[in-house]
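Asker: Shown below is the structure under consideration.
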Amino acid sequence: MATNSSRTAGRHFLQIPGPTPMPDRILRAMDMPIIDHRGPEFAKLAKRCLEGVKTIFKTANPVIIFPSSGTGAWEAALVNTLSPGDTVLMFETGHFGTLWKNMAVKLGLKPEFIESDWRTGADAKQIEARLREDKENKIKAVCVLHNETSTGCISHPGEIRKAIDAASHPALLMVDTISSLASIDYRHDEWGVDVTVGGAQKGLMLPPGVSFNAVSDKALAAAKNSKSVKSFWGWEEMLNLNRNGFFPYTPATNILYGLAEAIDMLHEEGLDNVFARHDRHAEATRRAVRAWGLEILCKDPKYYSSTITAIMLPEGKDTDAFRKIALEHFDISYGMGLGKVQGKVFRIGHLGDTNDLTILGALAGTEMSLSLAGVPHKKGGIQAAMDYLVAEASQPSRAAAE
Ligand SMILES: *Cc1c(COP(=O)(O)O)cnc(C)c1O
Numbered sequence: 000m001a002t003n004s005s006r007t008a009g010r011h012f013l014q015i016p017g018p019t020p021m022p023d024r025i026l027r028a029m030d031m032p033i034i035d036h037r038g039p040e041f042a043k044l045a046k047r048c049l050e051g052v053k054t055i056f057k058t059a060n061p062v063i064i065f066p067s068s069g070t071g072a073w074e075a076a077l078v079n080t081l082s083p084g085d086t087v088l089m090f091e092t093g094h095f096g097t098l099w100k101n102m103a104v105k106l107g108l109k110p111e112f113i114e115s116d117w118r119t120g121a122d123a124k125q126i127e128a129r130l131r132e133d134k135e136n137k138i139k140a141v142c143v144l145h146n147e148t149s150t151g152c153i154s155h156p157g158e159i160r161k162a163i164d165a166a167s168h169p170a171l172l173m174v175d176t177i178s179s180l181a182s183i184d185y186r187h188d189e190w191g192v193d194v195t196v197g198g199a200q201k202g203l204m205l206p207p208g209v210s211f212n213a214v215s216d217k218a219l220a221a222a223k224n225s226k227s228v229k230s231f232w233g234w235e236e237m238l239n240l241n242r243n244g245f246f247p248y249t250p251a252t253n254i255l256y257g258l259a260e261a262i263d264m265l266h267e268e269g270l271d272n273v274f275a276r277h278d279r280h281a282e283a284t285r286r287a288v289r290a291w292g293l294e295i296l297c298k299d300p301k302y303y304s305s306t307i308t309a310i311m312l313p314e315g316k317d318t319d320a321f322r323k324i325a326l327e328h329f330d331i332s333y334g335m336g337l338g339k340v341q342g343k344v345f346r347i348g349h350l351g352d353t354n355d356l357t358i359l360g361a362l363a364g365t366e367m368s369l370s371l372a373g374v375p376h377k378k379g380g381i382q383a384a385m386d387y388l389v390a391e392a393s394q395p396s397r398a399a400a401e
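Just so you know, the sequence shown maps onto residues 0 to 401 in numbering that gives the first Met the number 0.
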């Protein structure tokens, strides 16, 4: 890319872990005149979204759709189910885990924070041990992130549910799936999650602007006793109006057109195929990183994320300088290092509307930028990724599935 030019040709490589590139089909689906959000046409659209989105969370219970970014749905999860002074058990998986904990403090909750080195997911054994000590059931909720976007480490909500049950503890389980929903397999009902928090602009390929709370019966019962102050975020009024396809205030109408389309697209591809595609692109990325001789922040394969890989640069190499060079020369954006790992890692998002060639393009931009930025590395990352993708493509099961 010529730096003295005011136009960049071709598509920008938006490899941040959300917002993710929006498919043209979703853009077109949203290109609609504004309609009356109290009228019959809107109710049809809302019902399509409210029903359809349940299949993405894998729940038979209601899913609430807020016109907000994901952070709003974090707040809604806490203020609908808990009361000021309640203890919540949270896990320091990384920057987003820390932000949710800080929010809990602001809302008058008492988070207990299990610390970690930002290189693994939430450890179910530590959670179980802490719950067993809590003989008086002071802990009202366990909150974890399915995918910690700042580190590229997942947690396993099904295991955490088993840990809570093994300790015979009544705490609610709340899971943030903002950067994993519709990309990594998730099962709200089967895993016994009480509140699942989701967002629009990552795996769902939508513009920022809607967020979700999937709820269990136990969460709805807890909501009846919650004393936290809430108005906009209150579930009750929302659920009452949603029954007929309406909202208590103006919904994000045009994003809902996009949401209905995104749900159709995910089912046309098949959710299992969507998950397998994300697994494949994550593995191709990790193979490239290893070939370059660089280190992946997530240190245990059990916690590898299929939506984002955080890559460490050698001591003395600043990842913000590296990202700047990559953007200037190849028009590619990576996620920056957040919080404790700022300047130490850059993050490749490989989620949403991505295929084998777009991930290879992103990796090629990375390998070239490593050279331009003078980062010591070995060649051959792209070759390693291509070899893996070719091997995967020649498996008969994949050809049959797609
Ligand atoms: C992006 C993200 C958030 C914050 O969502 P916003 O839409 O930016 O408010 C919270 N948690 C995780 C895991 C995220 O990836």
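From the three backbone atoms N, C-alpha and C, an ideal C-beta is built for every residue, glycine too.
Please read these numbers as outputs of a predicted model, since none were measured by experiment.
(1) Flag this pair as yes or no: are the beta carbons of A383 and A287 separated by less than 8 Å?
(2) Note down the Cα distance separating V374 from K316, rounded to an integer number of angstroms.
(3) Any idea if E327 is buried or exposed, counting beta-carbon neighbours within 10 angstroms, 16 or more meaning buried?
(4) Considering only residues of the same chain and omitting the five flanking positions on each side of F12, which have a CB-CB separation below 8 Å?
(5) Judging by CA-CA distance, which residue of A390, A42 and L312 is the nearest neighbour of K377?
(6) So, is M31 buried or exposed, given that buried needs 16 or more other C-beta atoms within 10 angstroms?
(7) Take R24 as the anchor and find which of D352, R346 and N3 has the nearest alpha-carbon.
(8) What are the start and end residues of the alpha helix (DSSP H) that includes S215?
(9) Is the CB-CB distance between K53 and G244 below 8 Å?
(10) Is the distance from the Cβ of I153 to the Cβ of H277 below 8 Å?
(11) Cβ of S370 within 7 Å of any heavy atom in ligand 1?
(12) Whose C-beta lies closer than 8 Å to the C-beta of K124 among residues of the same chain, with five residues either side of it excluded?
(13) Could you pull out every residue in the same chain whose Cβ sits closer than 6 Å to the Cβ of I262, ignoring the five residues on either side in sequence?
(14) Specify whether the segment 183-197 and the segment 205-213 touch according to this definition: at least 3 beta carbon pairs, one from each stretch, less than 8 Å apart.
(15) With a threshold of 7 Å (Cβ to nearest heavy atom), would S402 be considered close to ligand 1?
(16) Put P300 into one of helix, strand or coil per three-state DSSP.
(17) Is there contact here, the segment 226-240 with the segment 170-182, by at least three beta-carbon pairs under 8 Å?
(18) In the DSSP assignment, find the unbroken alpha helix (DSSP H) run with A128 in it and report its ends.
(19) Provide the residue(s) that pair with F231 in DSSP beta bridges, ordered along the chain.
(20) What does the Cβ neighbour count give for D175, buried or exposed, with the cut at 16 atoms within 10 Å?
(21) Relative to the C-alpha of F90, which residue among A75, G84, S82 and E111 is closest?
(22) With burial defined as no fewer than 16 other Cβ atoms inside 10 Å of the residue's Cβ, what is the status of H94: buried or exposed?
(23) Quick check on this structure: which residue in L77, S115 and D116 has the alpha carbon closest to the alpha carbon of V104?
(24) How should T148 be labelled, buried or exposed, when 16 other C-beta atoms within 10 angstroms of its C-beta is the threshold for buried?
(25) Indicate the three-state DSSP secondary structure (helix, strand or coil) for E327 in the structure shown.
(26) Please determine if the segment 67-86 and the segment 135-151 are in contact, where contact requires at least 3 C-beta pairs separated by less than 8 Å.
(27) Note down the Cα distance separating D386 from T308, rounded to an integer number of angstroms.
(28) Could you tell me how far apart the beta carbons of L258 and L205 are, in whole angstroms, since I believe they sit closer than 8 Å?
(29) Can we count L296 as close to ligand 1, meaning its CB is less than 7 Å from some heavy atom?
(30) Specify, as a first and last residue, the run of the alpha helix (DSSP H) that T402 falls within.
(31) Relative to the alpha-carbon of P61, which residue among G292, G71 and H187 has its alpha-carbon at the smallest distance?
(32) Are the CB atoms of L240 and P247 nearer to each other than 8 Å?
(33) Helix, strand or coil: how does DSSP classify S332 here?
(34) Which runs of the alpha helix (DSSP H), 4 residues or longer, sit entirely within the segment 145-172?
(35) Answer with buried or exposed for K201, where buried requires no fewer than 16 other C-beta atoms within 10 angstroms of its C-beta.
(36) Quick check on DSSP: helix, strand or coil for G220?
Answerer: With the given structure in hand:
(1) yes
(2) 7 Å
(3) exposed
(4) F329, D330, I331, S332, T357, G360, A361 and G364
(5) L312
(6) exposed
(7) D352
(8) Looking at the DSSP string, S215 is not in any alpha helix (DSSP H), and its letter there is neither H nor E.
(9) no
(10) no
(11) no
(12) A162
(13) G51
(14) yes
(15) Nothing can be reported for residue 402, as the shown portion of the chain is limited to 0 through 401.
(16) helix
(17) no
(18) A123 to E132
(19) According to DSSP, which records beta bridges pairwise, F231 is partnered with nothing at all.
(20) buried
(21) E111
(22) buried
(23) L77
(24) buried
(25) helix
(26) yes
(27) 19 Å
(28) 6 Å
(29) no
(30) What the structure shows of the chain is the stretch from 0 to 401, and residue 402 is not part of that stretch, so it cannot be assessed.
(31) H187
(32) yes
(33) strand
(34) 156-165
(35) buried
(36) The question names Gly, but residue 220 in the sequence shown is Ala. Correct three-state label for A220: helix.
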